[in-house]
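Enquirer: Dropping the structure in here first, questions after.
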Amino acid sequence: MAKPDVPPSDSSSSDSRDPDATESREDIVEPGTSESEPAAPGETSAMTTDVVTDSSEPEDRSDRETIVARDPEPRRSGSGGAFAAALLGGFLAGAIGYLAAYYTEFGLFDGGTDDIAASIEAQSARIGQIEETLGAPDENAARLTASEDALTQTGGRIDTLEGRISEQQSRIDSLEEALGGLGDGGEGSDALAALDAASQERVADLTSRIDELQQTVSTLSDEVSTEDGPSDAVTALQQQVETLSTQVSDQAARIEDQASQITAARDAATEETRRISSEAAIAEIGAAVENGTPFAESVAAFQTASDIPVPSAFVENGGTGVATLGALQRDFSDAARDALSASISETAGDGAIDRIGAFLRAQTGARSLGEREGSGADAILSRAEARLQDGELQATLDELGALPEAGRNAMSDWISRAEARLQTSEAVAQVSQSLNGN
Numbered sequence: 001m002a003k004p005d006v007p008p009s010d011s012s013s014s015d016s017r018d019p020d021a022t023e024s025r026e027d028i029v030e031p032g033t034s035e036s037e038p039a040a041p042g043e044t045s046a047m048t049t050d051v052v053t054d055s056s057e058p059e060d061r062s063d064r065e066t067i068v069a070r071d072p073e074p075r076r077s078g079s080g081g082a083f084a085a086a087l088l089g090g091f092l093a094g095a096i097g098y099l100a101a102y103y104t105e106f107g108l109f110d111g112g113t114d115d116i117a118a119s120i121e122a123q124s125a126r127i128g129q130i131e132e133t134l135g136a137p138d139e140n141a142a143r144l145t146a147s148e149d150a151l152t153q154t155g156g157r158i159d160t161l162e163g164r165i166s167e168q169q170s171r172i173d174s175l176e177e178a179l180g181g182l183g184d185g186g187e188g189s190d191a192l193a194a195l196d197a198a199s200q201e202r203v204a205d206l207t208s209r210i211d212e213l214q215q216t217v218s219t220l221s222d223e224v225s226t227e228d229g230p231s232d233a234v235t236a237l238q239q240q241v242e243t244l245s246t247q248v249s250d251q252a253a254r255i256e257d258q259a260s261q262i263t264a265a266r267d268a269a270t271e272e273t274r275r276i277s278s279e280a281a282i283a284e285i286g287a288a289v290e291n292g293t294p295f296a297e298s299v300a301a302f303q304t305a306s307d308i309p310v311p312s313a314f315v316e317n318g319g320t321g322v323a324t325l326g327a328l329q330r331d332f333s334d335a336a337r338d339a340l341s342a343s344i345s346e347t348a349g350d351g352a353i354d355r356i357g358a359f360l361r362a363q364t365g366a367r368s369l370g371e372r373e374g375s376g377a378d379a380i381l382s383r384a385e386a387r388l389q390d391g392e393l394q395a396t397l398d399e400l401g402a403l404p405e406a407g408r409n410a411m412s413d414w415i416s417r418a419e420a421r422l423q424t425s426e427a428v429a430q431v432s433q434s435l436n437g438n
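UniProt numbering puts the sequence shown at residues 1 to 438.
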């Protein structure tokens, strides 16, 4: 260990001999130095080293001495303080060296070194994972390019989706026009058939396209949410997808509403068509009743078109038809004569004169042509014929109901024909009223 320079002994002894002189020397301080700032240990060592070097290299001694002379060591306040500082510095240096050798020899830092090595190894592994995740710069560039391509493709798909939504809007407008035409009144079954076919086709097509659009929007949403790339582009695509999704939802709601209206309109039109078909069948039956022709086919058509129960008169008389009013009026005279003869025979008295008179009246077939009062068969038949001429078939039958049983039996065929016509005519009137009431 190098020892610090110590002033010459004569100076020390002179300082001890002459305190006043010592004080005077202590008051003298070179410029740039401080009394309270001792020279640094490094400077002392450097100076000492220069002196040793000079002993081994005599040719440069004068130069080095000159250098030393230029920067002389400032004087200390006392030799005792300098020596104590040097002694303390040497002790500390020795202690540090001893401790370093001791720790190195006995491996007191081995455990700490292992921990540090393990920590470094773990950090290296994490760095490797991060590098693997991030990839090489070329890989990152490729991923960015692929992301931009995906964003471009997504934008193209959104443009296509907007075009399809515009097409859907046009179809919805056409559908609304069709519904408006239906509200103004159709042309019967033909209009219903045309509307039904068109509406079903459009609703099926719109439903299919809406489902496809919703699936496309869902796919685009997933793609946009997983895309890497500029955040502004992704945000713009997400906003477009949300806008399109809203439009698709609105159109789906409109389609559902239109489908409900179409269903209601179709049901109403179907009901109207059935009503019209029923009325047509009833009109045909009524015409057949007036004309006296069969109407079984019209009865079948009515049964198919209407929910109203088919009257029994239609079923019983449809195959043969019913007698016309004119035919009943024409055939009444013959039937009335038969009824009158049978009634006279039944009502004749027990006397011979009564029987002869009844026989003569029966043979001649004479009966009153004008309406007359009375309870006799001739009077009843006169009133019945008068009602028949007026077209009052029910009143005619009511009058005939007062005839004696023999008289009714005599004209039972005519009565049956009249009753068939009356029942059928009444059924036609009742059904027509029901159809008009609905």
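Yeah, the Cβ is synthetic: ideal placement off N, Cα and C, and Gly gets one too.
#1: Pick helix, strand or coil for residue 370, following the three-state DSSP scheme.
#2: With a 10 Å radius around its C-beta and 16 neighbouring C-beta atoms as the bar for buried, classify residue 330 as buried or exposed.
#3: Distance check for residue 436 and residue 276, CA to CA, integer angstroms please.
#4: Looking at C-alpha atoms only, which residue of 289, 287, 121, 319 is the closest neighbour of residue 300?
#5: Rounded to the nearest angstrom, what separates residue 240 and residue 265 at their Cα positions?
#6: Which of helix, strand or coil does DSSP assign to residue 428?
#7: Within the continuous alpha helix (DSSP H) that includes residue 397, where are the two ends?
#8: In whole angstroms, give me the CA-to-CA distance for residue 381 and residue 324.
#9: Starting from residue 384, trace the alpha helix (DSSP H) in both directions and tell me its first and last residue.
#10: With 16 as the cutoff for other CB atoms within 10 Å, does residue 430 come out buried or exposed?
#11: Grouping DSSP H, G and I as helix and E and B as strand, with all else coil, what is residue 244?
#12: Thinking residue 383 and residue 399 are a contact (beta carbons under 8 Å), I'd like their distance in whole angstroms, please.
#13: Start and end of the alpha helix (DSSP H) containing residue 315?
#14: Can you tell me the Cα-Cα spacing of residue 371 and residue 343, whole angstroms?
#15: Would you kindly work out how many angstroms separate the C-alpha atoms of residue 269 and residue 423, rounded to a whole number?
#16: Measuring alpha carbon to alpha carbon, tell me which residue in 428, 305, 407 is nearest residue 290.
#17: Per DSSP, what kind of secondary structure is residue 419 in: helix, strand or coil?
#18: What does the Cβ neighbour count give for residue 412, buried or exposed, with the cut at 16 atoms within 10 Å?
#19: How is residue 47 classed by DSSP in three states: helix, strand or coil?
#20: Are the beta-carbon atoms belonging to residue 340 and residue 378 less than 9 Å from one another?
#21: Identify, in the order they occur along the chain, each residue of the same chain with its Cβ nearer than 8 Å to the Cβ of residue 434, setting aside the five sequence neighbours on each side.
#22: I need the boundaries of the alpha helix (DSSP H) containing residue 302, first residue and last residue.
#23: I'd like to check one pair, residue 397 with residue 419: are the Cβ atoms closer than 9 Å?
#24: Is residue 326 closer than 9 Å to residue 288 when the C-beta atoms are compared?
#25: Taking the CB atoms as reference points, tell me whether residue 328 and residue 408 lie closer together than 9 Å.
#26: Whole angstroms are fine: how far does the CA of residue 267 sit from the CA of residue 242?
#27: Within the continuous alpha helix (DSSP H) that includes residue 406, where are the two ends?
#28: Pick from 404, 387, 316, 393: whose alpha carbon is nearest that of residue 338?
#29: Helix, strand or coil: which one does DSSP assign to residue 289?
#30: Quick check on this structure: which residue in 369, 254, 249, 303 has the alpha carbon closest to the alpha carbon of residue 332?
#31: With distances taken from CA atoms, which of 425, 345, 432 is nearest residue 391?
#32: Consult DSSP for residue 308 and reduce its assignment to one of helix, strand or coil.
#33: Answer yes or no: do residue 281 and residue 298 have a C-beta to C-beta separation smaller than 9 Å?
#34: Measuring straight from C-alpha to C-alpha, what distance separates residue 272 and residue 284?
#35: Distance, Cα to Cα, residue 262 vs residue 251?
Expert: In short:
#1: Walking along the sequence shown from the start, residue 370 turns up at place 370. Here residue 370 sits in coil by DSSP.
#2: Locating residue 330 in the sequence shown gives position 330, counting from the first residue. The residue in question, residue 330, is exposed, as its Cβ has fewer than 16 Cβ neighbours within 10 Å.
#3: As a working note, residue 276 is residue 276 in the sequence shown. As a working note, residue 436 is residue 436 in the sequence shown. If I take the Cα positions, the gap works out to 10 Å.
#4: Along the sequence shown, read from residue 1 onward, the residue named residue 300 stands at position 300. Ranking 289, 287, 121, 319 by Cα distance to residue 300 puts 319 first.
#5: For the purposes of this step, residue 240 is taken as residue 240 along the sequence shown, with counting starting at 1. For the purposes of this step, residue 265 is taken as residue 265 along the sequence shown, with counting starting at 1. Whole-angstrom Cα-Cα distance: 36 Å.
#6: Locating residue 428 in the sequence shown gives position 428, counting from the first residue. Note: residue 428 maps to helix in three-state DSSP.
#7: The residue you call residue 397 lines up with position 397 of the sequence shown. Residue 397 -> alpha helix (DSSP H) spans 393 to 400.
#8: Indexing the sequence shown from 1 puts residue 381 at position 381. Indexing the sequence shown from 1 puts residue 324 at position 324. Each residue's Cα considered, the two are about 20 Å apart.
#9: By 1-based counting over the sequence shown, the position of residue 384 is 384. Counting along the chain, the alpha helix (DSSP H) containing residue 384 begins and ends at 377 to 389.
#10: As a working mapping, residue 430 is identified with position 430 in the sequence shown. Flag for residue 430 reads exposed.
#11: Numbered from its first residue, the sequence shown carries residue 244 at position 244. Helix, per DSSP.
#12: As a first step, residue 383 is located in the sequence shown; it is residue number 383 there, counting from the start. As a first step, residue 399 is located in the sequence shown; it is residue number 399 there, counting from the start. 5 Å between Cβ atoms; contact.
#13: By one-based count along the sequence shown, residue 315 stands at place 315. Counting along the chain, the alpha helix (DSSP H) containing residue 315 begins and ends at 312 to 317.
#14: The residue given as residue 371 occupies position 371 in the sequence shown. The residue given as residue 343 occupies position 343 in the sequence shown. Distance between the alpha carbons of residue 371 and residue 343: 18 Å.
#15: Taking the first residue of the sequence shown as position 1, residue 269 is located at position 269. Taking the first residue of the sequence shown as position 1, residue 423 is located at position 423. Approximately 32 Å between the Cα atoms of the pair.
#16: Taking the first residue of the sequence shown as position 1, residue 290 is located at position 290. Here the closest residue by C-alpha is 428.
#17: As a first step, residue 419 must be located in the sequence shown, where it is residue number 419. Three-state DSSP puts residue 419 in a helix.
#18: Position 412 of the sequence shown, counting from 1, holds the residue named residue 412. Burial call: exposed.
#19: Translated into the one-based positions of the sequence shown, residue 47 becomes position 47. Bear in mind that the predicted position of residue 47 carries a pLDDT of just 38, short of 50, making it unreliable; the figure below should be weighed with that in mind. Of the three classes helix, strand and coil, the one that applies to residue 47 here is helix, per DSSP.
#20: The residue labelled residue 340 in the question sits at position 340 within the sequence shown. The residue labelled residue 378 in the question sits at position 378 within the sequence shown. Cβ atoms of residue 340 and residue 378: closer than 9 Å.
#21: On the sequence shown, residue 434 is found 434 positions in, with the first residue counted as 1. Same-chain partners within the cutoff: 308.
#22: The residue given as residue 302 occupies position 302 in the sequence shown. Run containing residue 302: 296 to 305, per the alpha helix (DSSP H) assignment.
#23: Mapped onto the sequence shown, residue 419 falls at position 419. Mapped onto the sequence shown, residue 397 falls at position 397. Contact: yes.
#24: As a first step, residue 288 is located in the sequence shown; it is residue number 288 there, counting from the start. As a first step, residue 326 is located in the sequence shown; it is residue number 326 there, counting from the start. No, these two residues do not count as a Cβ contact at 9 Å.
#25: For this step, residue 328 is matched to residue 328 along the sequence shown. For this step, residue 408 is matched to residue 408 along the sequence shown. No, Cβ-Cβ distance for residue 328 and residue 408 is not below 9 Å.
#26: By one-based count along the sequence shown, residue 242 stands at place 242. By one-based count along the sequence shown, residue 267 stands at place 267. Each residue's alpha carbon lies about 37 Å from the other.
#27: Taking the sequence shown and counting its residues from 1, one reaches residue 406 at position 406. Unbroken alpha helix (DSSP H) run through residue 406: 405 to 410.
#28: The residue given as residue 338 occupies position 338 in the sequence shown. If we check each option's Cα against that of residue 338, 404 comes out closest.
#29: Translated into the one-based positions of the sequence shown, residue 289 becomes position 289. Correct three-state label for residue 289: helix.
#30: Taking the sequence shown and counting its residues from 1, the one referred to as residue 332 is at position 332. Of the listed residues, the one whose Cα sits closest to residue 332 is 369.
#31: Within the sequence shown, residue 391 is the residue found at index 391, counting from 1. The shortest C-alpha separation from residue 391 is found at 425.
#32: What you label residue 308 is simply residue 308 of the sequence shown in a count that begins at 1. Correct three-state label for residue 308: coil.
#33: Taking the sequence shown and counting its residues from 1, one reaches residue 281 at position 281. Taking the sequence shown and counting its residues from 1, one reaches residue 298 at position 298. Yes.
#34: For the purposes of this step, residue 272 is taken as residue 272 along the sequence shown, with counting starting at 1. For the purposes of this step, residue 284 is taken as residue 284 along the sequence shown, with counting starting at 1. Taking the straight line from one Cα to the other gives about 18 Å.
#35: If you number the sequence shown from 1, residue 262 lands on position 262. If you number the sequence shown from 1, residue 251 lands on position 251. Residue 262 and residue 251 have their C-alpha atoms roughly 16 Å apart.
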